[in-house]
Structures are given as C-alpha cells and as structure tokens.
Ligand code: BGC
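Residue numbers (this note's numbering): 1 to 761.
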C-alpha cells in the first residue's frame, strides 16, 4: 500500500497529492472531501433519476414521489399494458436492474458498489440491451417456507448458493433477509418474512446472513423496525409499547445482528411512536449500535426521503436511492449548523468501511455465469424443506408409486413459486405442480390438463404479462360436476391446489378470493371431495401461497392437506418429492392458523386502528400469535409450530445442564413409525410470576433432528442463555430476569407439550 502512495507522490506535484482511500487513515481521506463529495457519498446514485426515456409526455422528469406513489403509477401503467416496470426506475449502471449503486470518488480511489434485492434470490434484469447473454437468477424458496423448515443449517446452505449469484453477477450487497414479524396474516409481505415469533425469525435470519456473507458479499436485514403492513407503509405511525418493541419487534433483529453480523441494516418506512424509523436515533444508534454492537451501515428503505439531514443525524448512513432534496437538506444542514459535520463524517467512515469489504473494492472478477443448474438442483432438494403436512387422514399420503391422479386447480398448472415486488426474481423457468407429478412418474388425467391450460392461456392472453408488481392471477376454473366425476373415474386420488399471490405495496384483503375462498373454489372443493368419496377415493388439497387463508369449513372435506408455500422455481418437482414420499415432510407452521380472522389479536387494529388516520395502535402489545391464543384460551385451527410427518416420534429423557449462564437442553427423539423422518423440537419456557404480566409460555430455543430411521433415536440439543429469559421492564428501563421457577417444555407444537422440567433462578 505504501508503495502506491510513494509512486503517486513521486509523479505528482505535492499540492495535488491525494491521500488515497485504503492507503491512509479514513479520517484523513474524509478530511479532503468537499462538502459536495461528502453529501454525495451518503446518497445512492439514483439522485436525479428520471422516469424512463419513453415516459409519457407530462410525466414528472424527476422522481420525488414516495414509493407508494411509484407503485400506484407503475401498477396503473402496467394495467394499461405499458411494459414499464419499477425496475426501469432502478439501477442502469454496471449491474442493470439492481436497486441502486453507490457514489464513487475516483480521484480518491473510492469505487461505486452495487446493491440489489432480494430475499428469495438476486433480482436484476435478465437481459441487457445489445447483449445476447442472459442474466437469469435462481428463484429460491421464499421466507415463510425457509422459516417453516425450522432448520438454520438448511437455510445457510441455500443462502450460500444464493450469495454466490450475488457475487458472480457483480453485486456487493443483497437487500435481504426480511424478517418483520407476522403480526397479522393479511400483511402483503408475509411471504418474504418469517414468523410471528421473534426467536424463530431471528435464528433463521442469522443463518441466512451467514450463508450469503460466506461469499464475501453483504446483506441488509430489513425492514428495521415494526414494519408489519403495507397499507400506508410510508409514514403509518405504529404506536407500540417499548416492551413490545423490544420483546417482539426488535428481538429477531437483535439475534440476527449478534449472531449473523450483517454488513448492513435497512430502516423501515413507518413511524414508531411518532418518529420515523429512518430518523430515529434511539432505534438506529442507541439500540442498534450502542446496545447490540452493530458496526456496519444503516441505509434507508427506497425513497424514504423524509429529511436527509435528520436521517443523517440519527445514524442513517446511506440514503437510498438518494434524492435531490435529501442532498439539499444535508448541504444546507451543514451550512446552517443543524447537522453536525462530525455526524456526516461518521456516516461516511461507516460507508467507506463497508466498501473496503466488498468484491468490487477487492477487484473481484465476476463471471456473470453462476452455476444455475447446480442451484436449481439445490432448490429442488430444499424446496420441500418447510413443507407442512396439516392433515393426513388414513395415510392418504404418500401416494402409491404408480397412482393415477386427477389434478385440479389452476395453480396445479400455473404454480406460484414466489411473491411480487422487490422479492420477485427474474428466473429462467418454473416447474408447475402438474409437470412435477408427471416427472415423478404418476399417471395423470390428461383431459384435465387440456381443460386447465387452455382456460388459463385464454384468460392470460387478456392480462398483462408477469412483471415486478404483477403476477397475473386467473380466478379458479369453474368445473361442472360431470367433468369432475369423469376425471375422478379415471384416477385413484384427486389433488386440488388453491393458491394466493401477494407482495409489496398492498396488504391482502379480508375478502373472497383472498383470505376467504371464492364461491367457485369452495364449490369446486366440495364437489371434488364428494365425487372422490362417493367413488371410494381420496382428496389431497395443496396450499400454494406465502401465508394462510381461512379453511375452517373445508378441513373436514379433505383427506390430505399440505401447505407447500412458495418453494422456488423447482416448485412442481419439490412438491412431487413430498407427495411421492421421496421426502418425508418435516416443516412446522411458523404462524398460528386461526379458525376465524377475528381470533387474531391484531384484527381490531389492522391495518388502521378504528377512527384513526395513519395510526395503528398495537393494543395487543406483546400478545401476538400464540402468546395471545394461549393467554385468551382461543383454540386455533392449527397451532404455531404444528406439522405432521409420514412417521411418528416419541420424546424421552429431557435434560437440562447449566454452564454459567448458558443452559443446554437435550431431548431424545425416537422414530416410532415406519419411514425415516426428521422432527422439529420446540422449547417453550413459562416464567414465574413477577411484576410484569408474562405470556403463558414463550419459545426460547428449538432444534431439528437428523434423519432418524424407523425404530432409531436421535438427540436434539437446544441452548439458551439466562438473559434470554428476561422481560423488558419499562419502568426500570431494563431487562429483568425474575427469580423463581421456570418450566421448560419440550414440545412438538405450541399445543403439544410433551415433556417438562424446571430450573430455579
Ligand atoms: C422495498 C425494499 C427493497 C427496496 C429496493 C423497497 O420498496 O421495501 O424491501 O429492498 O425497495 O428495491
């Protein structure tokens, strides 16, 4: 390093010698920057971004709108058949289709680095003008199915491959994982988030970060914090107690920061108790850095362009993708003294530290050719990692090897493999369920394929093409009973797939066709069930969606019920692996599945509190998900942590050992059935009475067994620390572990506690 500086000094006049980035102490490099350079360093390069060149006359020439307006604009234009997508707004630099690129100062040797979405795989443009090559990325399993695996090891393996695509396509930071709490099943982005429980979300996110970052590229854990809905996401005020913020909404981020060590954090759009997350010093500096020791950068979510100077002062290092008014606010803030130059310099130093870690800075020669074939194979093998078997009456599953199957439901022929918005991935292909079943060797009723594909094709020809915001969703085909009976006559078993799409920019609707079945779906399901049973055959229903729907009335009509989520581009093959028994399902629900929507504690305050404008009161406080169902003794349709297997497990010998402040819990799991399988064991802890109201029980750790052969045993080990047992006492402004007896339950789900023991503190 010293050599380059000497060489530079030798050939340049002394007054022009620059202290180069990487060679010199960061403060010295920053000290040479002009105010213009400094303000630019903390903004993405989309400042001045134009609407696309073909923008209709009268369109604004610069984007100053917030993201919600952009979404509206893009959606309206797409609905009119305009090919513009939001990605046209996005990066047009070195990696077309990325979300933004950083500012470069060449004279100081500071390169521009690339930031791109997203949680289910890298999102960049698949084609480039004047270039014959393609730049497809692998569509990996989405958030909920990763969480439903309860298997950090698998998540790390999958994201290691995902991160390789980030590296090989020249991107430096992946804008993922997304780990906001499933406060309510209608949040539009639940498919890319993980769970109602912060421990599960945090552990999965930490594994995700480790997998991606093992490639030498960064992650951005998002959206920090209390971002539980899409409705009015820009500026909705989430009114929440500090206890609920810390125990529920921050806990997962804390785990991800401490265990995963992400390079970056993305602040959310919303307000928390009146203060925008992106301008919130308590959140971004005091807690994140001060309490948790985070040493990377914080960036805003896209176009969260409130006040650039306030964001900087709060510890939001990088404002994305950077707008003119943020630039003006920073420059004016420094000039008028409302923004301390030391704060700006601190943020620049954080960004410079980040850049030094990146492949771009290190001069990595990316190939633009990741091994997409190998990654597709990995997706196929892990697309079933979190499949949840909900019902399996009379062991209808797995299907017999040579079964003849009547396959119903649009989504069997047009399967949703991922969600929309920034979580969408430009993949080369997808495998539908029908195709996967065919590949697995089942004999399928071909008349149904013809009927469905021509119905779907005809409907789609009148719809806009799949794009960033939109996956055309065709309402389920209305099947005459005669056609159902004829198909079932040719088959041994019926499969009916029900799907839902969701994504960024809007919440799901409490309506037929979204949270509720349409009349056609309900009728089809009933008719297929009756026809199958009248003919002495069975019905298996597959749920292809990122979240859940109301199904209480339908459960008695099905024999098998499988939540396949959105398993990535090999969906059909991954799902067929479970239906054929090649893979024994071992996923468990990362959310509580209520009998009725009103049973969720947030139902009264979602997406707005009654009579409020832009305010949502989290009146349920810490009682989210199973914490509420337990407390109020509400019986769910399926409890948190629930999932069946093709085999059965017995738990024995629950043991707990303390070593200082660390507790190691072991439980022996025996496979008492006929096929090999894996079991997720959950450790729920009930705390003694103290000054604060405590949940009946809380998940504190979990473990997943290795594959256990019939008749054999495995030991599942789970650990937690004494500090993990604490509740946040707002009056004392501290975490408190009450003395007394704690009951530890080894459980198969939140409603199936198998063994317990106690510890005294
Ligand atoms: C989303 C983020 C995403 C960003 C960049 C925003 O609209 O909320 O999750 O990373 O755009 O595409």
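Positions of the beta carbon are idealized from the N, C-alpha and C atoms, including for glycine. These numbers were taken from a predicted model, which means no experiment stands behind them.
Run through the DSSP bridge pairs and tell me what residue i is partnered with.
{"i": "residue 563", "result": "388 and 543"}
{"i": "residue 268", "result": "Bridge partners of residue 268: none, in fact."}
{"i": "residue 682", "result": "702 and 747"}
{"i": "residue 292", "result": "DSSP output for residue 292 lists no bridge partner at all."}
{"i": "residue 503", "result": "420"}
{"i": "residue 667", "result": "716"}
{"i": "residue 677", "result": "708"}
{"i": "residue 650", "result": "670"}
{"i": "residue 538", "result": "493"}
{"i": "residue 249", "result": "Paired residue(s): none; residue 249 is not in a bridge."}
{"i": "residue 178", "result": "222"}
{"i": "residue 728", "result": "735"}
{"i": "residue 443", "result": "404"}
{"i": "residue 413", "result": "Note: residue 413 sits in no beta bridge, so no partner."}
By the three-class DSSP mapping on this structure, what secondary structure does residue i have?
{"i": "residue 593", "result": "strand"}
{"i": "residue 645", "result": "coil"}
{"i": "residue 285", "result": "helix"}
{"i": "residue 6", "result": "Residue placement at residue 6 is flagged as unreliable, the pLDDT there being 37, under the threshold of 50; the coordinate-derived value follows with that caveat. Looking at residue 6 - three-state DSSP - the assignment turns out to be helix."}
{"i": "residue 258", "result": "helix"}
{"i": "residue 339", "result": "coil"}
{"i": "residue 223", "result": "strand"}
{"i": "residue 465", "result": "coil"}
{"i": "residue 280", "result": "coil"}
{"i": "residue 17", "result": "coil"}
{"i": "residue 660", "result": "coil"}
{"i": "residue 497", "result": "strand"}
{"i": "residue 765", "result": "Residue 765 lies beyond the residue range present for the chain, which begins at 1 and ends at 761; the question has no answer from this structure."}
{"i": "residue 708", "result": "strand"}
{"i": "residue 604", "result": "helix"}
{"i": "residue 328", "result": "helix"}
{"i": "residue 88", "result": "Confidence in residue 88 is poor, its pLDDT being 41 and thus under 50, which makes the residue's placement unreliable; the coordinate value appears in the next sentence. Reduced to three states, the DSSP call for residue 88 is helix."}
{"i": "residue 344", "result": "helix"}
{"i": "residue 308", "result": "helix"}
{"i": "residue 434", "result": "helix"}
{"i": "residue 473", "result": "coil"}
{"i": "residue 365", "result": "coil"}
{"i": "residue 741", "result": "strand"}
{"i": "residue 598", "result": "helix"}
{"i": "residue 516", "result": "strand"}
{"i": "residue 552", "result": "coil"}
{"i": "residue 655", "result": "strand"}
{"i": "residue 319", "result": "strand"}
{"i": "residue 425", "result": "coil"}
Beta-carbon of residue i versus every beta-carbon of chain D: anything under 7 Å?
{"i": "residue 171", "result": "Among the chains of the structure shown, chain D does not appear; only one protein chain is present."}
The beta strand (DSSP E) that contains residue i, what's its start and end?
{"i": "residue 299", "result": "297-299"}
{"i": "residue 754", "result": "752-760"}
{"i": "residue 404", "result": "404-408"}
{"i": "residue 237", "result": "237-239"}
{"i": "residue 616", "result": "615-617"}
Residue i lies in the alpha helix (DSSP H); which residues open and close that run?
{"i": "residue 378", "result": "372-382"}
{"i": "residue 36", "result": "35-41"}
{"i": "residue 109", "result": "No alpha helix (DSSP H) holds residue 109; DSSP gives it neither H nor E."}
{"i": "residue 702", "result": "Element bounds for residue 702: not the alpha helix (DSSP H) but the beta strand (DSSP E), 698-704."}
{"i": "residue 577", "result": "571-580"}
{"i": "residue 28", "result": "26-31"}
{"i": "residue 203", "result": "198-213"}
{"i": "residue 485", "result": "481-489"}
{"i": "residue 733", "result": "Careful: residue 733 lies outside any alpha helix (DSSP H) and carries neither H nor E."}
{"i": "residue 362", "result": "359-362"}
{"i": "residue 528", "result": "519-534"}
{"i": "residue 453", "result": "446-460"}
{"i": "residue 626", "result": "626-631"}
Open item on the list: Report the start-end ranges of each alpha helix (DSSP H) in the stretch 95-161 that is 4 residues or longer and not cut off at the edges.
Closed with: 143-148
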